[in-house]
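In this note's numbering, the protein residues as written are 378 to 575. Glycine included, C-beta positions come from ideal geometry on N, C-alpha and C.
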């Protein structure tokens with residue numbers, strides 16, 4: 378998705394060179410080219426921005442490795458580590474401190490239909506932790522992490538509008554226990570996210 382943004386920025390820069398040429402030569406066709414290239418650059422940059430929180434995936438391959446480890450701390454009860462497998466140059470796992478004895482992962486899945494197939498995209502939006510029995514609540518709050526700092530304009534739009542060439546799904550896995558150490562592979566599909574033990 379970053380390639381689309383870079384291409385849009387490059388086109389906008391090319392249009393600025395055309396603007397300079399237009400100021401020197403004052404030709405109609407240069408003005409038309411300037412406007413068309415600038416508009417194309419802006420549209421590509423906006424599309425790239427909308428799709429940038431999403432990652433491409435294959436339904437038969439896991440998108441992330443998730444490790445849940447219980448900890449004995451005054452406030453936190455577990456550590457959840459997520460390593461994205463869709464990026465070949467994947468960094469170290471992201472780690473999240475959780476309170477409570479269960480956790481859940483939420484996100485979005487998009488299927489963009491093209492003439493020769495489709496592109497599958499996923500986005501992990503939130504990780505939440507909580508308690509199985511609310512009567513056992515400790516004085517510490519349940520936690521929720523939003524993994525994206527900005528609002529998902531594309532996901533919000535697709536949840537309200539139906540488009541023939543894009544299908545949108547909400548991905549959620551059922552609550553998992555944080556009481557024992559476990560590793561899971563996270564898969565994305567039409568039915569949402571699913572976890573399978575390693």
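Local Cβ density within 10 Å of residue i, reported as buried at 16 or more and exposed below that
i	result
residue 534	exposed
residue 455	buried
residue 505	buried
residue 568	exposed
residue 432	buried
residue 390	exposed
residue 532	buried
residue 497	buried
C-beta atoms of residue i and residue j nearer than 8 Å
i	j	result
residue 471	residue 502	no
residue 548	residue 445	no
residue 485	residue 545	yes
residue 434	residue 499	yes
residue 439	residue 564	yes
residue 508	residue 474	no
residue 529	residue 447	no
residue 550	residue 520	no
Three-state secondary structure assigned by DSSP to residue i
i	result
residue 422	helix
residue 434	coil
residue 569	strand
residue 408	helix
residue 521	strand
residue 429	coil
residue 414	helix
residue 551	coil
Sheet register partners of residue i (DSSP bridge)
i	result
residue 386	Bridge partners of residue 386: none, in fact.
residue 473	457
residue 502	Per DSSP, none; premise fails for residue 502.
residue 488	497 and 544
residue 481	505
residue 447	455
Nearest-angstrom Cβ-Cβ length linking residue i and residue j, presumed shorter than 8 Å
i	j	result
residue 481	residue 561	That pair is no contact at about 12 Å.
residue 419	residue 385	7 Å
residue 381	residue 414	Residue 381 to residue 414, Cβ: 16 Å. No contact.
Proximity test, Cβ basis, 8 Å: residue i and chain C
i	result
residue 414	Among the chains of the structure shown, chain C does not appear; only one protein chain is present.
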